[in-house]
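In order, the protein sequences belong to chains A and B.
Throughout the first sequence, residue numbering follows the numbering used here, covering 1 to 550 in sequence.
Throughout the second sequence, residue numbering follows the numbering used here, covering 1001 to 1550 in sequence.
Where is the CB? At the ideal position from N, CA and C, for every residue including glycine.
The block underneath contains the structure these notes are about, expressed in structure tokens.
There are 2 protein chains.
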Amino acid sequence: MRYNGMPSDFRLFSILAALVFFLLDFVFESWYHTTMTNFSYPKHVERWNVFECSCRGKEDGNPFTDYTIQGVFTSKNEETAVDGFYNGDGEYRVRFMPSFAESYRFEIHGSFSDTVYRGDFEATTANDNNHGPVRVANTFHFAYEDGAPYYPVGTTCYVWELQSDALQRQTLETLKNSPFNKIRFCIFPKHYDYNLKEPYSYPYIGKPMDNSVLTKENFLQYMCGMKGGVPPDNDWDFKRFNVQHFQHIEKRIEDLRDLGIEADLIVMHPYDRWGFSMMDAECDDLYWNYVIARFAAYRNVWWALANEYDLMPQKTIRDWERYAAILREKDPYKHLRSIHNCRPFYDHSRPWITHCSIQRQDIYKCAELVDEYREQYKKPIVLDEIAYEGNIQHGWGNISGRELVRRFWEAALRGGYASHGETFTHPDDLLWWSHGGELRGESPARLAFLRRVLSETPGSGLAPTQGSWDETTATVEQTTGDSGYYLFYYGFMRPSFRDFYFDEENEYHVEIIDTWNMTIEDRGYCKGKFRVKLPGKEYMAIRIRRRENG
Amino acid sequence: MRYNGMPSDFRLFSILAALVFFLLDFVFESWYHTTMTNFSYPKHVERWNVFECSCRGKEDGNPFTDYTIQGVFTSKNEETAVDGFYNGDGEYRVRFMPSFAESYRFEIHGSFSDTVYRGDFEATTANDNNHGPVRVANTFHFAYEDGAPYYPVGTTCYVWELQSDALQRQTLETLKNSPFNKIRFCIFPKHYDYNLKEPYSYPYIGKPMDNSVLTKENFLQYMCGMKGGVPPDNDWDFKRFNVQHFQHIEKRIEDLRDLGIEADLIVMHPYDRWGFSMMDAECDDLYWNYVIARFAAYRNVWWALANEYDLMPQKTIRDWERYAAILREKDPYKHLRSIHNCRPFYDHSRPWITHCSIQRQDIYKCAELVDEYREQYKKPIVLDEIAYEGNIQHGWGNISGRELVRRFWEAALRGGYASHGETFTHPDDLLWWSHGGELRGESPARLAFLRRVLSETPGSGLAPTQGSWDETTATVEQTTGDSGYYLFYYGFMRPSFRDFYFDEENEYHVEIIDTWNMTIEDRGYCKGKFRVKLPGKEYMAIRIRRRENG
């Protein structure tokens, strides 16, 4: 093509200019790719929320094992190093939870990239629903990092997040309207009675065994730990994570966080037909490091090293202690740590265990032992399994709502906490305990009521006191003095009255609590020796508070 | 007055004849007084009933302490020596229970009289309602002496026999229509909460303290053992029994016998404001000897050395062992012997203890320990106190009928027995547990149902077997072989089904027992692997019996 009337030197200039722009563009693109697309992060993040930066890095070989990535975050009050992780498609991420509302700068380095990335951001004040991570408080109790009390009323839905999208949405909706502020669930999928279908996703790249061979009767034959091996047609690469699995769980942790619910993550468990419980030490450690790098920055995470650790003969105490050591080294936020038993307790006196996550060892007595456990371990006692409300064939899953609520009250007044679960038979075998979904039991409403009563205690929690042999008696946990607050619980006993005497001088406000019918009856003020009449029914409590002068 | 026509020698004859008759009459009277009025006894008595002979004897001094009386009874199969006792008004009695239906002769001697009395009688065949005394059978169970099984379903009315005549009659009428075949009650009157009035009679001659000083609040101050002494205005002669008291109790033992109810006599107890629990060893021994001499011949007597022996600090183990030695020496019929605790058990392995009469040591677990107690003591386990159905203020007296019945079933399937009691508040403070009267609870009807189920076991009792961890399982107590009889109890658990497999060959008859609603549903015969559907309710049991071929 030929342009008439254009001077040939202008044409040359144009070509040169185009070349220059092309070169400039190339340079800019190159710079942009390095500093913007290859490295992105927000400039503001709320205190105790997740700060996350994304970096492009090496993709060759196996990025999950071949390269390192670490971030170091520095502010006036802290200097924290965290591991990043490979997120697939050449992307690496580093997450960090700022513990202070102040300016942070950071540096990302490691073998994943030849570049060292630096940046800064502002951690802003936490909003009203953000109290930080939950910590042990007052030896036996919990509080958020900002000091707000936290009274755990937990539930268990082992793999609710690995069900259909619809069911997950339903679970979140149910949780939103429930009293539960802690939920126990697994990172690995679950193979167990009522749980024989394929999960939403798998944690590794590979192929699961054919589940059409499974029945309710033969499922135990495929339980790796019990059987002593992995069914052979499983085909997994335990060194390549399925990042979608973890990304999905992160979404669910966020959803829970937004509902004010702690995610008590069960990192390992025995209910496995795929071999995730049978990996070697190298792969276990890779998994632990990956889990910590991905999840630790979420403020609502708790670490449950295992569910029923003692049903995993393939793991030794040395293994559990090694995982705990990784946690202590790699989780800079010191999230709560526990390990849950089937029969024998793990040694809860180990220093890395922040609280006792207990399954009852006796059919008839569980919550009644909380005060003994307190004495023994000097840590918060959380009874995470004391049988579930339901009607399935298994003895751990068929007590009444009344009995479950009684156990909660016993645990509470003895200075500990219990957890809920629900196991009603369902036409599609959807049980809250494992799948989430809807709650059908009678206990949740009563547990909301208990949570209300707990929230009305003046301190961070209840402590058992010496009452009569035939009552459970609590006061406020404190090291000195008399709080003037007393709770008396009668469980399955049905006294028609009780007599009280504290002193001659003070007035005491008396309330009758019907823990089942969820009523609190005001009986006004009493003084000296006084008698409190009761309806002679089960599940009654009395709350007495001293009137403070002045 | 003058008689005409009568010869004077005839008149003389008449006078002489009258004199002779008068003398003969005197001699006969004298002989009759010695051999008939002074010594009387029946010529026939039913086997295992009370043979009793009455002798006049010395009245001077203190006949309770100054004289001895003993009977020796001889038949083809036995020669038995028994003590007699002073019955007041110059009368002594000797009682004897013939253990065989055969001819007996006997001799009564002792310092009570200068004469030795002899006689004979015929022990006749027992009638259909008379099975003899209850014995230990098959190590852990009971049977009557004639071999008929005895499944104790006991109750407790501590001093029912020391209430008004009307109330005693009402108690007997209630018992007649109840499932109870054993009742625990005291020989001494009782001083305790709800029991502050004067009893029907006292065991000694003397005068009680003024009871107008007593209140529900201060009664413990008058409890001799706790207070360390006897209120001073009591005035008793511990060496002179009030025979009416004992005669009255005998009538009540007979009434119970006629209703087929064992009289579990509590010989000593701590609930005392009169000093009967504080006597010296000499008076204690006198009492024990008197009690044995009077009551041992009643076939339905059991000896409970004490209720809550450990609340009697004034008595030592040496004392209890001495009483036991008296019992072993003086009760030739070897009635059942036990000693009941408040907190620590007496050493139930002592050879004189025939069965463990247990008060629960834990609020939450009691019947659940029966199988452990069996292992430990190798004796029948009778849980005589596991809290009563009721609504009084005390924790031992305010559980529900449901919970009490559950404890009975737990005890039964673990190879032991439980006892009932009822403590509902009452406008006149009349509580079954102490006074008898009417039953108002929900448990008795269910205990009748349990007794029916027990009566349908093929052997002398149930033995626990190893079932699943979450069920209580029983079979027939036997040393060899498989009875083909199985009971499964689920208590507060609510399974919707359970799976069974015994063998491939036999057919098994399946019944669903609703222990609360008292129904037995026939599910026909099953074979091989089979599933039993259940309603997912509390308090269900399954009874399975193998069809015997041929």
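Using only the alpha-carbon positions, how far apart do residue i and residue j sit?
i, j, result
"B:E1329", "B:S1357", "22 Å"
"A:K43", "A:R105", "10 Å"
"A:R350", "A:C53", "35 Å"
"A:F100", "A:G459", "25 Å"
"A:Y182", "B:Y1489", "Correcting the residue identity first, residue 182 of chain A is Lys in this sequence and not Tyr. Each residue's Cα considered, the two are about 34 Å apart."
"A:T68", "A:F112", "6 Å"
"A:Y298", "A:E250", "9 Å"
"A:G57", "A:N38", "8 Å"
"B:M1312", "A:I339", "48 Å"
"A:S103", "A:N62", "35 Å"
"A:Q247", "B:G1415", "56 Å"
"B:D1384", "B:P1152", "10 Å"
"A:H426", "A:Y117", "53 Å"
"A:V575", "A:R135", "Limits of chain A in this structure are 1 at one end and 550 at the other, which puts residue 575 of chain A out of reach."
Would residue i and residue j be called neighbours here (beta carbons separated by less than 8 Å)?
i, j, result
"B:L1447", "B:V1382", "no"
"B:E1046", "B:V1072", "no"
"A:H191", "A:M223", "yes"
"A:E368", "A:H141", "no"
"A:I261", "A:F180", "yes"
"B:Y1287", "B:N1242", "no"
"B:R1095", "B:N1087", "no"
"A:Y323", "A:L305", "yes"
"A:Y508", "A:R546", "yes"
"A:Q163", "A:Y202", "no"
"A:Y388", "A:E438", "no"
"A:G436", "A:L23", "no"
"A:I386", "A:A412", "no"
"A:C366", "A:R374", "no"
"A:L175", "A:L259", "yes"
"B:I1187", "B:L1256", "no"
"B:V1230", "B:M1278", "yes"
"B:W1433", "B:Y1158", "yes"
Quick one: grab the DSSP three-state call for residue i.
i, result
"A:F408", "helix"
"A:T480", "coil"
"B:A1445", "helix"
"B:V1510", "strand"
"A:G536", "coil"
"A:G240", "The question names Gly, but residue 240 of chain A is Arg in the sequence shown. If DSSP states are grouped into helix, strand and coil, A:R240 belongs with the strands."
"A:S496", "coil"
"B:F1488", "strand"
"B:Y1032", "Confidence in B:Y1032 is poor, its pLDDT being 48 and thus under 50, which makes the residue's placement unreliable; the coordinate value appears in the next sentence. Note: B:Y1032 maps to helix in three-state DSSP."
"B:Q1168", "helix"
"B:H1141", "strand"
Mind checking which residues open and close the alpha helix (DSSP H) that includes residue i?
i, result
"A:H435", "W432 to H435"
"A:P63", "P63 to D66"
"A:C283", "A281 to F295"
"A:D120", "From DSSP, A:D120 is part of no alpha helix (DSSP H) but of the beta strand (DSSP E) over Y117 to T124."
"A:W320", "I317 to K330"
Terminal residues of the continuous beta strand (DSSP E) containing residue i?
i, result
"A:G225", "Element bounds for A:G225: not the beta strand (DSSP E) but the alpha helix (DSSP H), C224 to K227."
"A:A418", "Y417 to H420"
"A:L265", "E262 to M268"
Would you check whether the ligand ADP has a heavy atom nearer than 7 Å to the C-beta of residue i?
i, result
"B:L1023", "For the structure depicted, the ligand ADP is absent and the ligand set is empty, with no information on it obtainable."
Identify each residue in the segment 422-452 of chain A for which the Cβ-Cβ distance to at least one residue of chain B is less than 8 Å, and report them in chain order.
-> Taking 8 Å as the upper bound on Cβ-Cβ separation, chain B lies near residues T425 of the segment 422-452 of chain A.
For the segment 462-496 of chain A, which residues have a beta carbon sitting closer than 9 Å to at least one beta carbon of chain B?
-> S468, W469, D470, E471, Y490, G491, F492, M493, R494, P495 and S496
Contacting positions in the segment 372-394 of chain A - beta carbon closer than 9 Å to chain B = A387, G390, N391, I392, Q393 and H394
The segment 497-524 of chain A: which residues have C-beta closer than 9 Å to a C-beta of chain B, in chain order?
-> F497, R498 and D499
Within 8 Å of chain A by C-beta, residues of the segment 1351-1366 of chain B in sequence order | D1362, I1363, Y1364 and K1365
Between the segment 394-418 of chain A and chain B, which residues of the former have CB atoms less than 8 Å from a CB of the latter, in chain order?
-> Within the segment 394-418 of chain A, the qualifying residues are H394, G395, W396, N398, I399, S400 and E403.
Return the residues of the segment 522-542 of chain A that lie within a Cβ-Cβ distance of less than 7 Å from chain B, sorted by chain order.
-> For the segment 522-542 of chain A, the residues whose beta carbon sits under 7 Å from a beta carbon of chain B are, in order, G536 and E538.
Note down, in chain order, all residues in the segment 1280-1313 of chain B with a beta-carbon under 9 Å from any beta-carbon belonging to chain A.
-> none
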